[in-house]
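In what follows, a single structure is set out as structure tokens and then discussed.
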Amino acid sequence: MGSSGASVEAVFFGTTTVYLSDGASGILIDGFLSRPSLLRVAPDLGRITRALSRAGVTLLDALFVSHSHYDHAMDAPEVVKHLGGRLFGSASTLNMGRGAGLAEESMTCIADGDEHRIGAFTVRVLAGVHSPDNRFPGTIEEPLVPPVRASSYRDGGCLSFLITHPGGSLLIHPSANFVPGKFDGLDVDVLYLAIGALGVQPQRFQSDYWRHVVEATRPDLIVPIHWDNFFVSLDRRLRPLPAIFDRFAVTKAFLDRKSEETRIPVRFPEPFEVIRPFAR
Ligand SMILES: [Zn+2]
Numbered sequence: 001m002g003s004s005g006a007s008v009e010a011v012f013f014g015t016t017t018v019y020l021s022d023g024a025s026g027i028l029i030d031g032f033l034s035r036p037s038l039l040r041v042a043p044d045l046g047r048i049t050r051a052l053s054r055a056g057v058t059l060l061d062a063l064f065v066s067h068s069h070y071d072h073a074m075d076a077p078e079v080v081k082h083l084g085g086r087l088f089g090s091a092s093t094l095n096m097g098r099g100a101g102l103a104e105e106s107m108t109c110i111a112d113g114d115e116h117r118i119g120a121f122t123v124r125v126l127a128g129v130h131s132p133d134n135r136f137p138g139t140i141e142e143p144l145v146p147p148v149r150a151s152s153y154r155d156g157g158c159l160s161f162l163i164t165h166p167g168g169s170l171l172i173h174p175s176a177n178f179v180p181g182k183f184d185g186l187d188v189d190v191l192y193l194a195i196g197a198l199g200v201q202p203q204r205f206q207s208d209y210w211r212h213v214v215e216a217t218r219p220d221l222i223v224p225i226h227w228d229n230f231f232v233s234l235d236r237r238l239r240p241l242p243a244i245f246d247r248f249a250v251t252k253a254f255l256d257r258k259s260e261e262t263r264i265p266v267r268f269p270e271p272f273e274v275i276r277p278f279a280r
């Protein structure tokens, strides 16, 4: 891999919010930095700007939202208002943008198969399905103005993102479910793999998930995402989701065993840690 690969940096912000930059262009996948309690679900501008400045993120060209549940999308419009750039998402996500006052010309509706060039990056949109037991299915039909209940953030359809750069490729897969065959032959360098609620699924589901997502994409590195307790502020250490939502130890044991069998390393990211995904 050439020097252009080494220039790509990735920063993890908890849940599925991941920032990518090569110094010339910046992309954010999902936008959830406030991490509020369920008592008041609304963007917290102080927490949003603190998190971005702690990570040194000042450059944003595009923000791609994977689905419009609040733990993926709630802060996305505010981040775009703060840093600039364009909001890409489903029709439901665009209704969140409208509710926050974003102009139509700074938003793009995306669907399966679309490809967007962002500087030297190409982002391909791959439609998928939400993890089992989707609490808030459906679509957001009107501009959404927070604060609203968590249940108002309906998923609006689930997307994954294949991001390619001259330096390498990565798949960000933000919900722990799969469409058989969808990722066959992708062959990525790095897989950002959602594992939320995987620990409470049957073993059969876990091994099918591995087969259709990990085996299909043949990554050299797995970075687990959506494993942390998102009711805890980013000012504090990340910890796994509580047992009422997930059985993290089961997932961890599963990943350890699969990693050992397949020799694919699994690296849990720390928030704000800078990873150079293509510089290995
Ligand atoms: Zn969701």
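Numbering (full-length UniProt numbering), first residue to last: 1 to 280.
C-beta atoms are modelled at their ideal positions from N, C-alpha and C, and glycine is treated no differently.
Since this is a predicted model, take the numbers as computed values, not measurements.
Sequence-distant residues of the same chain with beta carbon closer than 6 angstroms to residue i, five excluded per side
{"i": "residue 281", "result": "Beyond the ends of the chain as shown, which are 1 and 280, falls residue 281; an answer cannot be given."}
{"i": "residue 66", "result": "30, 72, 159, 174"}
{"i": "residue 107", "result": "87, 94, 97"}
Contact test: residue i Cβ vs ligand 1 heavy atom, cutoff 7 angstroms
{"i": "residue 72", "result": "yes"}
{"i": "residue 208", "result": "no"}
{"i": "residue 67", "result": "yes"}
{"i": "residue 173", "result": "no"}
{"i": "residue 155", "result": "yes"}
{"i": "residue 212", "result": "no"}
{"i": "residue 130", "result": "yes"}
Span separating the alpha-carbon of residue i from that of residue j
{"i": "residue 194", "j": "residue 80", "result": "24 angstroms"}
{"i": "residue 61", "j": "residue 197", "result": "31 angstroms"}
{"i": "residue 45", "j": "residue 102", "result": "16 angstroms"}
{"i": "residue 63", "j": "residue 248", "result": "29 angstroms"}
{"i": "residue 243", "j": "residue 105", "result": "43 angstroms"}
{"i": "residue 77", "j": "residue 29", "result": "12 angstroms"}
{"i": "residue 168", "j": "residue 188", "result": "8 angstroms"}
{"i": "residue 203", "j": "residue 253", "result": "12 angstroms"}
{"i": "residue 3", "j": "residue 25", "result": "Note that residue 3 scores a pLDDT of 48, beneath 50, so its modelled location is shaky; the value from the coordinates is reported in the next line. Using only the alpha carbons, I get a separation of about 16 angstroms."}
{"i": "residue 227", "j": "residue 15", "result": "7 angstroms"}
Burial state of residue i, where buried means 16 or more other Cβ atoms lie within 10 Å
{"i": "residue 178", "result": "buried"}
{"i": "residue 90", "result": "buried"}
{"i": "residue 304", "result": "The structure shown has nothing for residue 304, since the chain only spans 1 to 280."}
{"i": "residue 257", "result": "exposed"}
{"i": "residue 1", "result": "Because the pLDDT at residue 1 is just 42, under 50, the model does not fix this residue reliably, and the point stays unresolved."}
{"i": "residue 131", "result": "buried"}
Other residues of its chain near residue i: CB distance less than 7 angstroms, five sequence neighbours each side excluded
{"i": "residue 186", "result": "162, 171, 216, 217"}
{"i": "residue 142", "result": "95"}
{"i": "residue 34", "result": "43, 44, 47, 48, 74, 75"}
{"i": "residue 229", "result": "239, 240, 241, 242"}
{"i": "residue 85", "result": "60, 61, 62, 63"}
Cut-off 8 angstroms between Cβ atoms - residues of its own chain near residue i, not counting five sequence neighbours on either side
{"i": "residue 8", "result": "20, 21, 22, 165, 167, 168, 276, 277, 278, 279"}
(Q) Check whether the segment 17 to 32 and the segment 48 to 60 are in contact - that is, three or more C-beta pairs closer than 8 angstroms. (A) yes
Q | Stretch-stretch touch, CB-based, cutoff 8 angstroms, three pairs: the segment 111 to 131 with the segment 40 to 52 | A | no
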